[in-house]
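These notes are about the structure you will find just below.
Number of protein chains: 2
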Amino acid sequence: MSDDLRLDPRADEAPDALQEGRLSRAFVAEVAAVLDSGDDDALRALVSPLHPADVADLFGAIPVDARAPLADALGELLNAEVIAELDDYVREDVLEALSPGEVAEVVTQLDTDDAVAVIEDLEADEQRAVLRALAPEDRADIEAALNYPEESAGRLMQRDLVAVTENMSVGAVIERIRASIDPATDFWEIFVVDIAGRPVGTMRLSWLLTAPPDLMVGDVMKREQTLIPVAMDQEEVALQFQKYALISAAVVDAWGKLVGVITVDDVVHIIQAEAGEDALKLSGAGDGDINEPVVESYKARVRWLAANLGTAMISSSVIALFEPTIEKLVTLAALTPIVASIGGNAGTQTMAVAVRAIATKQLTDSNTRRTIWREVRVAMLNGLTIAALLGLGVGILFNSVNLGGVIAAAALFNIMVAGLAGVLVPLALTRLRTDPAVASSIFVTMTTDTMGFLGFLGLAALVGVANLQ
Amino acid sequence: MSDDLRLDPRADEAPDALQEGRLSRAFVAEVAAVLDSGDDDALRALVSPLHPADVADLFGAIPVDARAPLADALGELLNAEVIAELDDYVREDVLEALSPGEVAEVVTQLDTDDAVAVIEDLEADEQRAVLRALAPEDRADIEAALNYPEESAGRLMQRDLVAVTENMSVGAVIERIRASIDPATDFWEIFVVDIAGRPVGTMRLSWLLTAPPDLMVGDVMKREQTLIPVAMDQEEVALQFQKYALISAAVVDAWGKLVGVITVDDVVHIIQAEAGEDALKLSGAGDGDINEPVVESYKARVRWLAANLGTAMISSSVIALFEPTIEKLVTLAALTPIVASIGGNAGTQTMAVAVRAIATKQLTDSNTRRTIWREVRVAMLNGLTIAALLGLGVGILFNSVNLGGVIAAAALFNIMVAGLAGVLVPLALTRLRTDPAVASSIFVTMTTDTMGFLGFLGLAALVGVANLQ
């Protein structure tokens, strides 16, 4: 049964396109088959009932070498909305099928922010060709946006917005909107500015509709508003939207002048991407997009694996130090990785929590000490439980109270080390202005591996192999 | 310098409250000091310039045992908006300071969705007491919402909405809104329903303002809209909002009748939380909230650590099988963990990518085979590079071509195993209707550990220790 309830009179023609909110395998296969048959009319009939977002997904779902032919065959159905929704890597493949003039035509139909998102990923020469093909006004807007740093508010904002002054009446504002705004423009809020063009307040459209028409804007508007500096990083913009539950926000330049507006639908995918990035960064998987070319994924991941190879060799050299001990009791070789592994897991847990709390600004200067203390207590409880289990298991299995005691003590020690490293490493990296999600796990794992090996083998050597058998 | 540009005439009184968008340590310390001094007026003067979202953060930042006293001291400043913004665990501490009557008063001021979020976390007897203290109408709304499953659309939706019929004119709709809607209500879209109350279209407020007043609603509304079934899981709701860039969406019951509306600001925190959950789930850190009580964190994490202890003991038993080989060449004991560790890292990378792609519905039936093949190729490239580095290093360090060759082959093998396990395990868990983020890493790590140990020691035994020295 399909969960999908999109109301589209044409949807009957392709009833199986969506299953549980995603394109069905059968539908994608049908599209590929019709594309191969060369019957473009049938293809368009198949695709036309889809929402632009689903057409964009379709490009991601079909084989890579079918993307450009599909783009050709769809013609008008490959509209600006579809292009804006495409995954970055998929868009590269699709745009290859279009001439700079056709790309320019698509770009013209987009809001500034979406147009910039399409153009900023093009190669330098394609970018120039597309910009040349644009109308001077669109070109100026896009070039202005491209002058702001990547991933900044300036790239995200739209330049079309409704701004009025305080001394207009609500009725006059409504008249002005009706007279001057293209009905196709979506907006949710109007901005009130002073004579220098600086924002002084904001009015939601619902207030405009419910307020008596003869009231002055200055008397109904909300003076408190969140202003976004044009250079603010998009991650910070997303946090502001989330924290203050914003639908749209004014963007101001260095002189406090209103220069654009960011709406929540432009921010939602950033919130999602930035939040989801942690898991990928912690594992060193780079962008982690399944549409990324193999060689780029390789480059992103191999650096991390090489770094981990280095740290693994360093930690393992600790084992080499104790070779004489292992030689006398080779069982130790099998037990050592358990102590390291359990510490690694405990460290990863604490680190994931700390990295997440830092990203969402829950973990700040004000509660650092409390959070460290909290993690120490959790580690203590975890350590005691796991040490008891492991010590008992090993003690019984090898019929040696001392061996059980040594491995239990080493596990407790390593889980405590892991709890501390898991919170201190991300905090230290944040102080050093490094993204804790990117580098934490290398340091934490190296610490727990080394301390696991050292703790267990060192204690075993101290107690004496003869006493462990 | 502060990034904060909130326009609040009162903000001058507490200029240091926010630094880089978060509460400054100095401000939190000042609040704690003033709270201790018992001067509630000074405390309220300090806190009153803050946005409700920042007051909510303040409760998270101060020590746990100061939360209830702060709630008492703030009085009116602890309003419904602040309560709605509190972290779930912090809210428990704060609500302890309030009587059921006071909680009921707060709840009355909230939208249904926020009221439900506050009430659903209360203990059963507190919940009953609060519900009893509510006005019958509010109580009926909230009890209706509580009848829907947790984390469903029915809990997220607001019941107040503007619904009109197709045959009204735009002007009449505006008149009706002006006459009947409380100006304090925020809404972004109006819904058009048929005589049975089923949604047939939607109109954004900006269209209402720009359309000629004598046009019929049926001629200007958008017929295509995304309807949210009331039982839909909130994660799925969030995906729909993101995919179709929705600002608000109609919620329908099993008979297709319009019963509520979900707006994007209620969904943004779900998008953020669901996306950020992956890193926590992959590490077995449970909720991963730094405000979670220590014992609950312990319970969530220790189960995972115990499961990992079990799998670590199983994989280590592979090492035990090869003790005779290690006894002859104890160096193998130091090298074995390197092969396992490198496989674990490669597996974690692939797994993080696969889990993310499954969560965002990028990885579907249609591209499963292509994605597996993609990961195999990335693993091949990674494997060849890391195997070459490791083989060369070990070969030179131990002056043995054979030992270098054995460890290189084992590393290549394990990285290939890791690439396959990293994508197949999450896919298999998804087929089994299990959340791949929760259970994947146990299986992947067990596979890479076991295959790392087996591959390296097995090959070493096969080649013969005498040939490795």
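Those sequence lines, one after another, are chains A and B.
Using UniProt numbering, the first residue of the first sequence is number 1, and each one after it goes up by one.
Using UniProt numbering, the first residue of the second sequence is number 1, and each one after it goes up by one.
Think of the CB as a built atom: it goes at the ideal place given N, C-alpha and C, for glycine as much as any other residue.
Below-9 Å beta-carbon distance, residue i vs any chain A residue
i	result
A273 (chain B)	yes
A80 (chain B)	no
A439 (chain B)	no
G38 (chain B)	no
R44 (chain B)	no
E224 (chain B)	yes
R433 (chain B)	no
Q109 (chain B)	no
R22 (chain B)	yes
Start and end residues, beta strand (DSSP E) containing residue i
i	result
residue 473 (chain B)	The structure shown does not extend to residue 473 (chain B), since chain B spans only 1 to 469, so no value can be given for it.
P213 (chain B)	Unbroken run through P213 (chain B): none, as it is neither H nor E.
R204 (chain A)	199–204
E229 (chain B)	First, the residue type needs correcting, since residue 229 (chain B) is Pro and not Glu in the sequence shown. Residues 227–229.
G260 (chain A)	258–263
F191 (chain A)	189–193
Extent of the continuous alpha helix (DSSP H) to which residue i belongs
i	result
F443 (chain A)	436–463
L332 (chain A)	331–359
A172 (chain B)	170–180
F27 (chain A)	25–37
M380 (chain B)	368–397
E327 (chain A)	323–328
F413 (chain A)	401–431
F241 (chain B)	234–243
A163 (chain A)	First-last for A163 (chain A): 163–165, but that is the beta strand (DSSP E), not the alpha helix (DSSP H).
D87 (chain A)	Premise fails: D87 (chain A) is in no alpha helix (DSSP H) and is neither H nor E.
E96 (chain A)	Here E96 (chain A) belongs to no alpha helix (DSSP H), and DSSP marks it neither H nor E.
D40 (chain A)	40–47
Cβ pair residue i, residue j closer than 9 Å
i	j	result
G393 (chain A)	G383 (chain A)	no
V267 (chain A)	Q234 (chain A)	yes
T325 (chain A)	A460 (chain A)	yes
M313 (chain B)	I290 (chain A)	no
T350 (chain B)	A379 (chain B)	yes
I174 (chain A)	P212 (chain A)	no
L329 (chain B)	Q469 (chain B)	yes
C-alpha gap between residue i and residue j, whole angstroms
i	j	result
V162 (chain A)	P63 (chain A)	43 Å
R6 (chain B)	A17 (chain B)	Its pLDDT being 46, under 50, R6 (chain B) is placed unreliably in this model, and the coordinates cannot settle the point.
L412 (chain B)	T430 (chain B)	28 Å
I372 (chain A)	L420 (chain A)	7 Å
R198 (chain A)	G260 (chain A)	11 Å
A340 (chain B)	K361 (chain A)	35 Å
I83 (chain A)	V28 (chain A)	19 Å
E76 (chain A)	A184 (chain B)	43 Å
Q19 (chain A)	R25 (chain A)	9 Å
A66 (chain B)	P100 (chain B)	20 Å
P15 (chain B)	A115 (chain A)	With a pLDDT of 44 at P15 (chain B), under the threshold of 50, the predicted position of this residue should be treated as unreliable, though the coordinate-derived value follows. Looking at the two C-alpha atoms, the distance is approximately 39 Å.
M1 (chain B)	I119 (chain A)	Note that M1 (chain B) scores a pLDDT of 38, beneath 50, so its modelled location is shaky; the value from the coordinates is reported in the next line. Computed Cα separation, rounded: 34 Å.
A301 (chain A)	G286 (chain A)	For the sequence presented, residue 301 (chain A) should be read as Arg rather than Ala. Each residue's alpha carbon lies about 7 Å from the other.
M232 (chain B)	A153 (chain B)	5 Å
G458 (chain A)	E327 (chain A)	14 Å
A53 (chain B)	A129 (chain A)	46 Å
G284 (chain A)	F241 (chain A)	28 Å
Residue-chain proximity (residue i, chain B), Cβ-Cβ < 9 Å
i	result
H269 (chain A)	yes
A153 (chain A)	no
W255 (chain A)	no
F187 (chain A)	yes
E13 (chain A)	Residue confidence is low: E13 (chain A) scores 46 on pLDDT, short of 50, so the model does not pin down where it sits. Its coordinate-derived value is still stated next. False, the Cβ-Cβ gap to chain B never drops below 9 Å.
P436 (chain A)	no
Chain B residues whose Cβ lies nearer than 7 Å to that of residue i
i	result
T385 (chain A)	V302
Y298 (chain A)	V378, L381, N382
R178 (chain A)	L209, T210
Beta-carbon neighbours of residue i, restricted to chain B and to distances below 8 Å
i	result
A352 (chain A)	A279, L280, L282, S283, A285, G288
Interface residues of chain A facing residue i [CB-CB closer than 8 Å]
i	result
A320 (chain B)	T331, A334
Y148 (chain B)	Near Y148 (chain B) there are no residues of chain A at all, since even the closest Cβ is about 16 Å away, more than 8 Å.
Proximal chain A residues relative to residue i, where beta-carbon distance stays under 7 Å
i	result
A357 (chain B)	I290
N414 (chain B)	Per Cβ cutoff of 7 Å: no residues; N414 (chain B) is ~11 Å from chain A at best.
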